[in-house]
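Written below as structure tokens is the structure these notes are about.
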Amino acid sequence: MDSNQKIARIAGLFYLLVALFAGFAHFFVRQGMVVSGDPAATVANIRASESLFRLGFVSDILAQTCFIVLLLALYKLFKPVNKILARLMVSIAFVGVPISCLNLLNQYAVLILLSGSGDLTAFSANQLNGLVMFFLDLHDTGYGIAHIFFGLWLFPLGLLVYRSGFLPKFFGIMLILAAFGYLIGIFVSFLFPGYAEAIQPIYIQPGLAEISFCLWLLIKGVKVQHLV
Numbered sequence: 031m032d033s034n035q036k037i038a039r040i041a042g043l044f045y046l047l048v049a050l051f052a053g054f055a056h057f058f059v060r061q062g063m064v065v066s067g068d069p070a071a072t073v074a075n076i077r078a079s080e081s082l083f084r085l086g087f088v089s090d091i092l093a094q095t096c097f098i099v100l101l102l103a104l105y106k107l108f109k110p111v112n113k114i115l116a117r118l119m120v121s122i123a124f125v126g127v128p129i130s131c132l133n134l135l136n137q138y139a140v141l142i143l144l145s146g147s148g149d150l151t152a153f154s155a156n157q158l159n160g161l162v163m164f165f166l167d168l169h170d171t172g173y174g175i176a177h178i179f180f181g182l183w184l185f186p187l188g189l190l191v192y193r194s195g196f197l198p199k200f201f202g203i204m205l206i207l208a209a210f211g212y213l214i215g216i217f218v219s220f221l222f223p224g225y226a227e228a229i230q231p232i233y234i235q236p237g238l239a240e241i242s243f244c245l246w247l248l249i250k251g252v253k254v255q256h257l258v
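So that you can map any letter, position 204 of the sequence shown is 234 in this note's numbering, and since no number is skipped, the others follow by simple counting.
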């Protein structure tokens with residue numbers, strides 16, 4: 031029982047690390063540098079803060095590494111609840127990891143383009159700026175594809191939480207709703223890109239659901255007396 035309490039706390043810690051590393055890379059670094067519709071301003075921002083851009087790249091890698099540890103901890107915690115659902119949860123989430131890691135090549139391509147290597151001297155400044163925005167747009171698309179699976183895994187996780195008996199059922203419901211919130215937001219942005227900005231508020235509930243669940247695991251843990 032003490033072991034499961036420690037596992038819950040480990041899961042909460044790595045969930046928090048995932049949120050911090052991924053949030054820093056996405057919201058602080060990329061969104062802080064990319065100026066929509068202005069390649070020259072975007073390139074100027076990246077050149078001025080290249081070290082920060084590289085730190086965002088490394089932060090994304092660390093987020094994926096921590097996510098793997100999180101999944102292993104959650105599998106250990108929820109396997110006694112329902113082994114099939116626990117395996118489904120891990121399998122779905124694991125699909126997103128290699129997609130995210132390979133997608134980071136699009137982000138690193140920006141650094142190669144701005145390195146000034148001899149192979150790129152044939153491109154004009156405007157062409158290089160356009161290529162930078164092209165790879166950043168590709169990265170955004172790959173980010174969305176990976177998050178299809180980072181949304182889907184919350185459905186079996188929510189079911190496991192709801193059925194567990196050692197975590198509040200409220201979190202199970204919130205995580206299931208979060209799965210639908212992520213999927214709706216991502217597919218609307220793919221199918222109807224003109225509405226992508228308008229639908230951004232739909233991500234508030236999923237974000238709150240994951241952060242609150244993460245903090246509960248880290249601070250409160252699980253009800254030890256209900257564990258097997």
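Think of the CB as a built atom: it goes at the ideal place given N, C-alpha and C, for glycine as much as any other residue.
- The beta carbon of Phe165 lies closer than 6 angstroms to those of Asn136, Ala139, Val140 in the same chain, with the five residues before and after it left out.
- The DSSP assignment places no complete beta strand (DSSP E) segment of no fewer than 3 residues inside the stretch 127-187.
- Sixteen is the threshold: when 16 or more other Cβ atoms of the shown chains lie within 10 Å of the Cβ of Ala176, as they do, the residue is buried.
- Its Cα nearest to that of Ile142, the residue Glu80 stands out among Ile214, Glu80, Ser130, Val65.
- Segment contact: the stretch 170-190 against the stretch 122-129, three or more CB-CB distances shorter than 8 angstroms; contact assigned.
- In the three-state reduction of the DSSP assignment, Ala55 falls in the helix class, which pools H, G and I.
- Between Ala55 and Asn159, the C-beta gap is not smaller than 8 angstroms, which leaves the two residues out of contact.
- When the Cα atoms are used, Val73 and Gly195 turn out to be separated by approximately 52 angstroms.
- Across the set Lys36, Tyr233, Ala228, Leu190, the C-alpha of Tyr233 shows the shortest separation from the C-alpha of Leu213.
- For the options Pro231, Leu197, Gln230, the alpha carbon positioned closest to that of Val111 is the one of Leu197.
- Gly174 and Leu247 have their C-alpha atoms spaced approximately 27 angstroms apart.
- Per DSSP, reduced to three states, the secondary structure at Ala74 is helical.
- Ala116 is a Cβ neighbour of Lys109, given a cutoff of 8 angstroms.
- Considering only Ala38, Asp68, Ala52, Ile98, the residue with the shortest C-alpha distance to Asp167 is Asp68.
- The residues Cys96, Val99, Leu100, in chain order, have a CB closer than 6 angstroms to that of Phe44 in the same chain once the five nearest residues on each side in sequence are set aside.
- Non-local C-beta neighbours of Leu205 in its own chain, meaning closer than 7 angstroms and more than five positions away in sequence, comprise Leu184, Leu187, Gly188, Val191, Ala239, Phe243, ordered along the chain.
- Counting only the Cα atoms, Val48 lies some 20 angstroms from Leu118.
- Each of Met63, Asn133, Ile76, Arg77 was checked against the Cα of Ile91, and the nearest Cα belongs to Asn133.
- Only residues of its own chain outside the window of five on either side were considered, and among them Gln35, Ala38, Arg39, Gly42 have a CB closer than 8 angstroms to the CB of Gly251, listed in chain order.
- Here Gln235 has Met204, Leu207, Ala208, Gly211 as same chain residues with Cβ atoms under 8 angstroms from its own Cβ, once five neighbours each way along the sequence are excluded.
- Across the structure, Arg193 and Ser219 are spaced so that their CA atoms are roughly 33 angstroms apart.
- In this structure, the straight-line span from the alpha carbon of Leu161 to that of Pro128 is close to 24 angstroms.
- Phe51 places its beta carbon less than 8 angstroms from that of Ala93.
- Taking all protein chains shown into account, Ile76 has 16 or more neighbouring C-beta atoms within 10 Å of its C-beta and is therefore buried.
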